[in-house]
Amino acid sequence: MAWRTASMLLLVALAVVAAAARADAGGNYGASKFRITGTVLCQDCTKNWNAYAYNAKPVNGSTVAVTCLDKHTGRTVFYGKDATDEKGVFNVEVPYQVNSCQLDPSECLVRLVASGDTGCAVLTNFNGGRSGEKPSRPYRSCPGEVVYRAGPYYSTLPQCDVDDDDKSCS
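Written out as structure tokens, the structure is:
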């Protein structure tokens, strides 16, 4: 009977240690950095609606940037960027800690900086591409890895750019 009590106490102690380790990880699953990934695509408004809406083409060489702020001071603590590959995919790795500052992914801003296609170089604000979007919840998380998704972001042709829809029909 005494060994059962000792076994139960050991299990409780292990659970407390595991919970403390999990709390210390801060929901980052033991990872020292997180990754933000997504795509950049070109939409051609001169095509029919289905082609415009569903057949956007990947843009190689587009630049996507991530800026993370200190939530106490509002100062920039991290700035990173990546160029998209031939599939239009970007990946930016961000450390959870810079110097003594702990970064929170929800305090980071992901935005499309430049298109890699000069013919399709007008940045749209779809999904916050031009103004930026904040990662809200992990797309994938497992021990040692946390991944957030952003976008997809779009660029378009110059003839598809509309400056201000509100003023066009006044």
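Per mature numbering (1 follows the signal peptide of the UniProt record, and there is no 0), the sequence shown runs over residues -23 to -1, 1 to 147. Built from N, CA and C at the ideal position, the CB exists for glycine as well. Remember, predicted model here, so these are calculated numbers, not experimental data.
Spatially closest choice to residue i from the options, by CA coordinates
i, options, result
"glycine 65", "Val41, Ala8, Val71 and Gln136", "Val41"
"phenylalanine 103", "Asp59, Asn37 and Tyr130", "Tyr130"
"leucine 100", "Glu63, Leu46 and Leu134", "Leu134"
"residue 150", "Thr14, Val139 and Val123", "Lying outside -23 to 147, the shown extent of the chain, residue 150 is not represented and no answer is given."
"glycine 38", "Asp138, Pro112, Asp62 and Tyr73", "Asp62"
"lysine 34", "Asp47, Trp26, Arg88 and Thr16", "Thr16"
Cα-Cα separation between residue i and residue j, rounded to whole angstroms
i, j, result
"alanine 30", "cysteine 97", "15 Å"
"lysine 58", "phenylalanine 11", "14 Å"
"cysteine 137", "alanine 127", "23 Å"
Anticipated Cβ contact below 8 Å, residue i with residue j, distance rounded
i, j, result
"serine 132", "aspartate 94", "7 Å"
"serine 92", "valine 43", "In fact, because the Cβ distance is near 17 Å, the residues do not count as touching under 8 Å."
"glutamate 84", "cysteine 45", "6 Å"
"proline 115", "glycine 7", "About 13 Å separates the two Cβ atoms, so there is no contact after all."
heavy atom of the ligand SAM below 7 Å from residue i C-beta
i, result
"leucine 80", "In terms of ligand content, the structure shown is empty, and the ligand SAM therefore cannot be addressed."
Sheet register partners of residue i (DSSP bridge)
i, result
"valine 66", "Thr16"
"glycine 57", "Val43"
"leucine 122", "It is glutamate, not leucine, that sits at residue 122 in the sequence shown. Bridge partners of glutamate 122: Cys119."
Contact with chain D by residue i, beta-carbon distance below 8 Å
i, result
"arginine 114", "No chain D is part of this structure, which consists of one protein chain only."
Margin query: Assess contact between the region 90 to 110 and the region 75 to 82, defined as three or more Cβ pairs (one per stretch) separated by less than 8 Å. Is contact present?
Written below: They do not touch, by the three-pair rule.
Checklist line | Segment contact, 8 Å Cβ cut-off, at least three pairs: the region 16 to 24 with the region 45 to 55 | finding: no
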